[in-house]
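Worksheet for the structure shown next.
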Amino acid sequence: MDIAVPRRSERLPGISMAGFRQSLPAPVDIAMVAHPGVTLLVDLSEGEGIVCDSRGRRERGSVVIGLMPGDLRAGGHVGECLQLRLEPDVAAAVLDASPDLSGAMAPLADVWGRDAARFEDRLRATASWDERFRIAAEVVGQRMRARTPVEPEVAHTWRRTLTSRGRMQVDSLAGEVGWDRKHLWSRFRSQLGISPKRALRLVRFDHAAHLLAAGHAAASVAAECGYVDQSHLHREVKAFTGLTPSAVAVAPWLAIDDVAWPTSSPNRSPATAGRYIPECR
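See below:
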């Protein structure tokens, strides 16, 4: 499978894109590993195309997937698809409403209405991935600018969750933005569709999963990621994927991450986390 990534000029903050193409459509059946982002999977295949299964629900064609459920599988005869990963604070604006990020899946048409078909048509009209990335950046950027962003305190909390790789306490996050724990929990959950605690767990798991895929031993991964012990790591991996750490280490979905999503590599230093400065209102 050929993988394309956008030029720097087509990248938007909080959004990652990758294009996938097979010279001949071929049967695919792959388990998708949970990651801290909302996924737009835009099916550009001819014929049967992509079929996604999650929790007994099956959807064909382009879909929106909340923070990836552990039992999600993508299959069908896949020729081409465009995948966008949206960080939750971005997804809240791009998807028109507070998304359910607990792992729900819905057809893109149910979320964007007629705009979904127009978006697909524009992407199908060109075979150039550079042009497709430009179109995607244009469409998503317009939606972001047309909608009210999440509160800066919520956006800061999400950013700190990422830069700390999930190794913070909710009370500490609340203290950074001048809120109490209950208020942060309420605002974060209502705007991003996930609790601060689950967000921390998911980001920490994502870092651990990539270390496992890079060949690190489970015991060292548990220590580096702040789990109590190897058994704690095993329980968390099982909770998010239904798999053991050894099975996650060889998951095909993670094997392509360094190519499709190079900025997600756990060996790269996270962005510097600045101190929260409230906006003047």
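The sequence shown lines up with residues 1 to 281 when you count with the UniProt record's numbering.
Positions of the beta carbon are idealized from the N, C-alpha and C atoms, including for glycine.
Of the residues Leu-202, Gly-37, Asp-130, Val-51, the one whose Cα lies closest to the Cα of Pro-6 is Asp-130. Closest in C-alpha terms to Val-33, from the list Leu-162, Val-203, Trp-179, comes Val-203.
Between Leu-108 and Ser-62, the CB-CB gap stays under 8 angstroms. Under the three-state reduction of DSSP, Ser-220 is assigned to helix. Sorting His-234, Ile-65, Arg-198 by C-alpha distance to the C-alpha of Asp-110 places Ile-65 at the top.
Where Asp-229 is concerned, there is no enclosing beta strand (DSSP E), because DSSP gives it neither an H nor an E. No Cβ-Cβ contact shorter than 8 angstroms links Leu-12 with Leu-123. Judged by their CB atoms, Ala-4 and Gly-19 are nearer to each other than the 8 angstroms cut-off. For the pair Asp-121 and Arg-73, the Cα-to-Cα distance works out to about 25 angstroms.
Our two residues, Arg-235 and Ala-219, have alpha carbons roughly 13 angstroms apart in a direct line. Here DSSP, grouped into helix, strand and coil, assigns Met-17 to strand. Ile-194: not part of any beta strand (DSSP E); DSSP gives it neither H nor E. It is roughly 18 angstroms from the alpha-carbon of Glu-87 to the alpha-carbon of Ala-209. In this structure, Ala-92 is the residue among Phe-240, Arg-187, Ser-186, Ala-92 with its C-alpha nearest to the C-alpha of Arg-147. In summary, Ser-54 is buried, with 16 or more beta-carbon neighbours lying within 10 Å of its beta-carbon over all protein chains present. By the Cβ-count criterion, Gly-113 is exposed, with fewer than 16 other Cβ atoms from all chains shown falling within 10 Å of its own Cβ.
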